[in-house]
Amino acid sequence: MNIYFYIIRRMAYMIPILLGVCLVIFFLFNVVAPDPAMIMLGKHATAKQILEVRKELGLDRPWFSQYLDIVKSSFTFDFGRSWSTKQEIVDMIKNGAIPSLTVAIPAFIIATILSIVISMFVAFYRGSLLDKMTVFVCVALMSLSSLAYILFGQWFFAFKLGWFEISGYEPVFPQIISYVALPVIIWVILEVGPDVRFYRTVVLDEVYQDYVRTARSKGLSEKVILFKHILKNAMIPIITSIIIQIPFLILGALLLESFFGIPGLGGITLNAINSSDFPVIKAMTVLSAVAFIIFSVITDVMYTLVDPRIRLK
Amino acid sequence: MSERILEVKDLVVEFNTDRGRITAVDGVSLELNKGETLGIVGESGSGKSVTALAIMRLIASPPGHISKGEIKFKDKDLLKLSIEEMRKIRGNKVAMIFQEPMTSLNPVYTIGNQIEEVVELHQPHLAKNARHLKAIELLKLVGIPSPEKRIIEYPHQLSGGMRQRVMIAMSLACEPDILIADEPTTALDVTIQAQILDLMRKLQKELGMGIIFITHDLGVVAEMCNQVAVMYCGQIVEKADVKTLFANPKHPYTKGLIHSIPSFDSTSGMKKEKLPTIEGMVPSLFDLPPGCSFQDRCKYATETCRGMNGRPKLEMVGSDHLVSCFNPIN
Chain A
93 MNIYFYIIRR MAYMIPILLG VCLVIFFLFN VVAPDPAMIM LGKHATAKQI LEVRKELGLD
153 RPWFSQYLDI VKSSFTFDFG RSWSTKQEIV DMIKNGAIPS LTVAIPAFII ATILSIVISM
213 FVAFYRGSLL DKMTVFVCVA LMSLSSLAYI LFGQWFFAFK LGWFEISGYE PVFPQIISYV
273 ALPVIIWVIL EVGPDVRFYR TVVLDEVYQD YVRTARSKGL SEKVILFKHI LKNAMIPIIT
333 SIIIQIPFLI LGALLLESFF GIPGLGGITL NAINSSDFPV IKAMTVLSAV AFIIFSVITD
393 VMYTLVDPRI RLK
Chain B
14 MSERILEVKD LVVEFNTDRG RITAVDGVSL ELNKGETLGI VGESGSGKSV TALAIMRLIA
74 SPPGHISKGE IKFKDKDLLK LSIEEMRKIR GNKVAMIFQE PMTSLNPVYT IGNQIEEVVE
134 LHQPHLAKNA RHLKAIELLK LVGIPSPEKR IIEYPHQLSG GMRQRVMIAM SLACEPDILI
194 ADEPTTALDV TIQAQILDLM RKLQKELGMG IIFITHDLGV VAEMCNQVAV MYCGQIVEKA
254 DVKTLFANPK HPYTKGLIHS IPSFDSTSGM KKEKLPTIEG MVPSLFDLPP GCSFQDRCKY
314 ATETCRGMNG RPKLEMVGSD HLVSCFNPIN
């Protein structure tokens, strides 16, 4: 089976999935949610004003054509303008993506590499004090709310020690670091806890497999067994977990961005939710759905590279 | 008499568990000569696999550890070697194959890679190309058809019998002095089982290695082995050459095992009425009865067996025939 053919076919599946996503969006925003005209005009609007705004937003048209609007914008990526800022949403996404990714990409790469290294290391010394302490620290890290890290980091490292800026963003090279470093560090801390715990379990699952015993009976050293035999088998679940996180990166970290004043997609989404800016929320929903589908295809393709038992059909 | 290559003396293996410490192997002594096959027979949990793993020093520690004994390979005590020295023995001088051919190979590497790996480790002077040729030769030796093509296949592309052949090829890669086979045919169906046994016998004749053959199947023992040790609850209860053991079993447990081999009445070609079994279950190692551990399942048990005399000791009852029983069968 040709891998390109597989990818094309999986991409074709995107169409019905996106139609479904549009249906959910339509149902949530045009049926369940309160009338946007009322939200925009506030409590003191007259009935006439409401009618005018509804007409302007196209809400007076039959539901089917409203659904088609959503479908159309999902496939053309033309979501119109934001209700609150009146900007083109496509431009908002373009502008927001760069600050988001400047935080997300380094944070994600550092966290992933660190987690894999730590989990291989503790799996090697499984059962030892070091292993138990690491698991304890991971659980402790996970148990604290992200707010605690954000507030403490801003107060201690930024305010008291003055190592970083408390909040804000400046897209010029050396300055950018002092804005981005703290959110990246906090992101890594938030991510390492659950990742190490998960990867450690995955590696330990492999440690007790029969093929590991065979490898030992051949006289291989523990290092070769861990890094050649176990790692490649453990990569299968690890890859899934890594790639499935990527779509969430694109949306940025909602809390981190808004606390650190980073004008990224997370902040945009949060503002849109606060101001009931429906077109922006819809755009972000579609964007994350598309990202999710694309990366799940990438996951499947990656599998075939690692595991010979998996053939794409 | 041929050369002695392995001598296990008073081996004790203990495991620490949540419910306390158990002695999985309790004072086992074994001998293996060059070119001969020693069978270790017993039910699940009798300690035969643990004995085998102990010889390879592959007991997972924790929870297990070898607390006493001596494992003399030629004139080296394997228990005194450093980990690095032991690694040079494993897969090289002493190799092992396992019960589970389906899971014993690494699923994400080709069989060629896995065979060449062991050659590379123990014969580093061989070039890459020579290793590859050697792997093909080994696959041919174990009867895998068109090995040049098969060598790039992954374990999941092979049947159970083929995978066990690959395991054998891998274990023979460095022409070991000893091959430990831990129930190598248990997971295979009967026709494949016969092929694998034939193959092992043929290879033993060609390469002259000693085999330790672990099984619960006395039928296979009769076919394969020169010497037999019967294990029960971590101890050897009877040890003899294969002919003596089958003709003249002294321990009631051995006798029970021999009687529970399915057989056909040669005159009618019909199966005999009902297969006799050994009543009861193997006692838990956590609460072995005082005295002989076989007492609860033994027709011949007397007060002596149930008493406070401890477990019976292995005693000589004939030339090279040892049995540990208070009332050996006459």
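Protein chains in written order, with our numbering: chain A, 93 to 405; chain B, 14 to 343. Yeah, the Cβ is synthetic: ideal placement off N, Cα and C, and Gly gets one too.
Give me the DSSP bridge partner(s) of residue i.
i	result
Y245 (chain B)	B:Q248
N46 (chain B)	B:R17
M109 (chain B)	B:I193
G223 (chain B)	B:I191
I84 (chain B)	B:V21
I79 (chain B)	B:V26
I35 (chain B)	B:F28
T228 (chain B)	B:V54
E328 (chain B)	B:V336
A253 (chain B)	B:V241
R319 (chain B)	The partner list for R319 (chain B) (beta bridge, DSSP) is empty, contrary to what the question assumes.
D90 (chain B)	B:K85
V41 (chain B)	B:L24
By a C-beta neighbour count over all protein chains shown, 10 Å radius and 16 as the cutoff for buried, is residue i buried or exposed?
i	result
F351 (chain A)	buried
I96 (chain B)	exposed
G320 (chain B)	exposed
G221 (chain B)	exposed
A242 (chain B)	buried
W279 (chain A)	buried
R101 (chain A)	exposed
H138 (chain B)	exposed
R34 (chain B)	exposed
Y122 (chain B)	buried
Y217 (chain A)	exposed
Q267 (chain A)	exposed
V123 (chain A)	exposed
I205 (chain A)	exposed
In chain B, what lies closer than 7 Å to residue i by C-beta?
i	result
S313 (chain A)	R100
K164 (chain A)	By Cβ distance, chain B contributes nothing, its closest Cβ being about 45 Å from K164 (chain A), past 7 Å.
K324 (chain A)	V121
Could you round the C-beta distance between residue i and residue j to whole angstroms and report it? I think they count as a contact, below 8 Å.
i	j	result
V41 (chain B)	L24 (chain B)	5 Å
F370 (chain A)	I338 (chain A)	Between I338 (chain A) and F370 (chain A) the Cβ distance is about 26 Å, and since that is not below 8 Å, they are no contact.
T167 (chain B)	P154 (chain A)	It should be pointed out that residue 167 (chain B) corresponds to Tyr in this sequence rather than to Thr. The Cβ separation is near 57 Å, so there is no contact.
F226 (chain B)	G48 (chain B)	That pair is no contact at about 13 Å.
K324 (chain A)	V209 (chain A)	In fact, because the Cβ distance is near 16 Å, the residues do not count as touching under 8 Å.
I190 (chain A)	P275 (chain A)	About 15 Å separates the two Cβ atoms, so there is no contact after all.
C338 (chain B)	H264 (chain B)	5 Å
V284 (chain A)	L233 (chain A)	7 Å
G356 (chain A)	G245 (chain A)	In fact, because the Cβ distance is near 18 Å, the residues do not count as touching under 8 Å.
By the criterion of Cβ-Cβ separation under 8 Å, what are the contact partners of residue i in chain A?
i	result
H145 (chain B)	Ordered by position in chain A, no residue passes the 8 Å Cβ test against H145 (chain B), which lies about 17 Å from the chain.
Y167 (chain B)	P400 and R401
L134 (chain B)	K310, G311 and L312
A37 (chain B)	Within chain A, no residue comes near A37 (chain B); the closest Cβ sits about 17 Å away, beyond 8 Å.
For residue i, go through chain A and note every residue whose CB falls closer than 9 Å to its CB, in chain order.
i	result
L118 (chain B)	D302, Y303 and T306
N105 (chain B)	K310 and G311
F259 (chain B)	Residues of chain A passing the Cβ test: none, with the nearest at roughly 31 Å.
F111 (chain B)	D302, R305, T306 and S309
A200 (chain B)	None at all; the shortest Cβ gap to chain A is about 11 Å.
Name the chain B residues that come within less than 8 Å of residue i, Cβ to Cβ?
i	result
D399 (chain A)	P120 and V121
G219 (chain A)	P75
In chain B, which residues lie less than 9 Å from residue i when you measure between Cβ atoms?
i	result
K374 (chain A)	What K374 (chain A) touches in chain B: nothing, since even the nearest Cβ is about 43 Å away.
K224 (chain A)	By Cβ distance, chain B contributes nothing, its closest Cβ being about 13 Å from K224 (chain A), past 9 Å.
Should residue i be listed as close to the ligand NAD, given that the test is whether its C-beta is under 7 Å from any heavy atom?
i	result
L397 (chain A)	The ligand NAD is not part of the structure shown, which contains no ligands of any sort.
Run through chain A and tell me which residues come within less than 7 Å of residue i, C-beta to C-beta.
i	result
V131 (chain B)	K310
M69 (chain B)	S309
A65 (chain B)	Neighbours of A65 (chain B) on chain A: none; closest Cβ ~10 Å, over 7 Å.
A194 (chain B)	Per Cβ cutoff of 7 Å: no residues; A194 (chain B) is ~12 Å from chain A at best.
A182 (chain B)	What A182 (chain B) touches in chain A: nothing, since even the nearest Cβ is about 12 Å away.
A148 (chain B)	Near A148 (chain B) there are no residues of chain A at all, since even the closest Cβ is about 13 Å away, more than 7 Å.
- Query: At a cut of 8 Å, does the region 239 to 259 of chain A reach the region 284 to 293 of chain A through at least three beta carbon pairs?
  - Reply: no
- Query: Three or more beta-carbon pairs under 8 Å between the region 325 to 341 of chain A and the region 252 to 264 of chain A, yes or no?
  - Reply: no
- Query: Can at least three beta-carbon pairs, one atom from the region 156 to 173 of chain B and one from the region 73 to 82 of chain B, be found at a separation below 8 Å?
  - Reply: no
- Query: Looking at C-beta atoms only, is the number of pairs between the region 178 to 198 of chain A and the region 380 to 396 of chain A that lie closer than 8 Å three or more?
  - Reply: no
- Quick check: the region 219 to 238 of chain A against the region 294 to 302 of chain A, are there 3 or more CB pairs under 8 Å? no
- Message: Measuring CB atoms only, is the region 175 to 184 of chain B touching the region 110 to 129 of chain B, in the sense that at least three cross pairs come out at less than 8 Å?
- Response: yes
- Query: Do the region 311 to 331 of chain A and the region 142 to 153 of chain B meet, that is, are 3 or more Cβ pairs less than 8 Å apart?
  - Reply: no
- Message: Quick check: the region 208 to 216 of chain B against the region 81 to 89 of chain B, are at least 3 beta-carbon pairs closer than 8 Å?
- Response: no
- Cβ contact (3+ pairs, closer than 8 Å) linking the region 301 to 318 of chain B and the region 239 to 254 of chain B: yes
- Item | the region 88 to 108 of chain B touching the region 302 to 314 of chain A, judged by at least three CB pairs closer than 8 Å | yes
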